[in-house]
Amino acid sequence: MLQVNKLFISLVGVSILCACGTPARKINSGGTELITTVGQVDIQDFNEAATKLVQSMTTSGVFAEYSNKNKAVLGISRIINDTTDQFDTDLLIKDIRVALLKSGKVTVSNTVGLGGKAEDPMAKSAKEMEEFKNGKGTEMPTMPKFTLTCKILEVRGSVGNTKQSTFAFQMSLTDTATGNTTWEESIKISKQGSKPAIGF
Amino acid sequence: MKLIRSLILCNIFPIMVACNTVNSVVPVPNGRPGSPGFQQVVTNGWLNYKANVTDVHEDIVNGDQKRVQVSVFSNQSSAQSFSYRFEWLTPGGMHVDSIGDSWQTQRIMPQETIILNSIAPNSTASTWRLQLSDTNLPLSQ
């Protein structure tokens with residue numbers, strides 16, 4: 001019995017020693033081996049928020065009347081990161097744009113942006129040149145049919161060593177013809193723990 | 201007898217942390233619109249106890265995109281976690297990239313039934329496959 005216990009304990013010890021220190025390796029960015037932290041928005045959180053926001057937008061039917069031949073033009077308006085985590089909001093917005101584009105019903109304007117700032121200045125210049133050549137240089141530019149705004153908020157709490165963070169992704173779609181909200185959603189992602197972990 | 205017992209004891213630990221295979225669910229046509237049958241491929245019995253698919257519903261949203269809702273039940277006596285993802289395919293079986301391809305985590309309470317949703321990325325993706333993976337192995341709960 002003593003020999004069995006010694007053997008078992010030494011095997012457990014070897015397993016623990018082997019687990020200390022992980023060599024660098026590639027992992028799947030959309031997989032289950034990602035690090036989960038409490039104090040910041042992780043890449044899997046952006047993905048979850050983008051997925052749920054796109055699903056909500058699609059389910060609402062706001063783009064139902066559009067098709068491959070008649071796409072809704074979307075402009076990206078004010079996107080605010082109001083959290084203590086300094087991240088680029090494109091980590092959320094680009095995923096949403098890609099998903100909407102792949103639906104075949106929506107296209108995003110790269111030449112009309114917030115405050116007149118185009119996402120693609122070269123495309124904007126080329127478009128203006130084309131319009132000038134076609135004698136449309138003095139016409140009003142075509143504005144997007146919809147605009148997208150978003151605010152990301154954070155609520156923190158702690159009890160003893162356990163910390164909790166909730167990140168709220170609040171997004172709105174506005175019909176530029178009326179100025180009214182045509183779709184809205186708020187997705188909350190909460191995380192709790194005393195230290196980061198690998199995996200969900 | 202002692203040797204057999206020691207072999208069993210030494211192998212229980214690695215076996216319990218290594219058995220994290222993926223369970224899959226695919227729809228099976230049954231002639232009932234909106235409520236297709238489904239087939240579960242269970243390779244991880246432990247996972248199936250806490251993430252067992254009980255019902256599947258489909259409809260069309262946004263004019264031409266398929267939506268699926270899958271009911272998942274846990275028969276466990278404590279809160280559990282699992283990961284899932286939906287993969288969308290064309291009628292010819294070609295995979296269509298979608299935002300839902302990444303694994304999502306889900307928390308499920310004891311004896312709870314939850315709904316997992318997914319919407320096809322476009323109108324060409326007409327069939328789907330749900331994959332479930334464990335995130336709470338027996339020794340790590």
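If you're matching them up, the sequences are chains F and C in order. Residue numbers for the first sequence follow my numbering, beginning at 1 and rising by one. Residue numbers for the second sequence follow my numbering, beginning at 201 and rising by one. Built from N, CA and C at the ideal position, the CB exists for glycine as well. These figures come from a predicted structure and were not determined experimentally.
When 7 angstroms is used as the limit between beta carbons, C:Trp303 is near these residues of chain F: Gly30, Gly31 and Thr32, in chain order. Neighbours of C:Val225 in chain F, taken as residues at a C-beta separation under 9 angstroms, are lacking, since the least C-beta distance is about 17 angstroms. Relative to C:Gln304, the option among F:Thr36, F:Thr176, F:Thr182 and F:Pro144 whose CA is nearest is F:Thr36. Looking from the CA of C:Val226, the closest CA among C:Gln240, C:Gln311 and C:Ser235 belongs to C:Gln240.
Two segments are said to touch when three or more pairs of C-beta atoms, one from each, lie closer than 8 angstroms; by this definition the segment 87 to 104 of chain F touches the segment 41 to 54 of chain F. Nearest in C-alpha terms to F:Gly115, of all of F:Met143, F:Glu154, F:Gly193 and F:Ser190, is F:Met143. DSSP, reduced to helix, strand and coil, places F:Lys191 within a strand of the structure shown. If you compare the alpha carbons of C:Gly245, C:Ser224, C:Ile299 and C:Asn262 with that of F:Ser29, the shortest gap goes to C:Ile299. Here the C-alpha atom of F:Leu11 lies approximately 12 angstroms from the C-alpha atom of F:Gln3.
Per DSSP, F:Arg97 is one residue of the alpha helix (DSSP H) stretching across Asp90 to Lys102. Closest by C-alpha distance to F:Asp120, out of F:Gln170, F:Asp82, F:Thr111 and F:Thr181, is F:Thr111.
For the segment 40 to 52 of chain F, the beta-carbon criterion of a distance under 8 angstroms to any beta-carbon of chain C is satisfied by Gln44, Asn47, Glu48, Ala50 and Thr51. Flagged as an interface residue toward chain C: F:Lys102, by a C-beta distance shorter than 8 angstroms. By the rule that beta-carbons nearer than 8 angstroms mark a contact, F:Asp90 does not touch chain C. A distance below 7 angstroms between beta-carbons, with the five flanking residues on each side excluded, links C:Trp288 to the following residues of its chain, in chain order: Val296, Ser298, Ala320, Pro321, Ala325 and Trp328. In chain order, Pro236 and Gly237 place their CB closer than 8 angstroms to the CB of C:Pro229, counting only its own chain and leaving out the 5 sequence neighbours on each side. One Cα belongs to C:Val272, the other to C:Lys202, and the distance between them is close to 43 angstroms. DSSP places F:Phe132 inside the alpha helix (DSSP H), whose first and last residues are Pro121 to Lys133.
Put simply, the segment 62 to 74 of chain F does not touch the segment 184 to 191 of chain F. Fewer than three CB pairs are less than 8 angstroms apart. For F:Gly115, no Cβ of chain C is located within less than 8 angstroms of the residue's own Cβ.
Within the segment 265 to 278 of chain C, those residues whose Cβ lies closer than 8 angstroms to any Cβ of chain F are, in chain order, Gln265 and Arg267. Around C:Gln331, the same chain offers Val222, Ser224 and Arg285 as residues with beta carbons nearer than 6 angstroms, after the five sequence neighbours per side are excluded.
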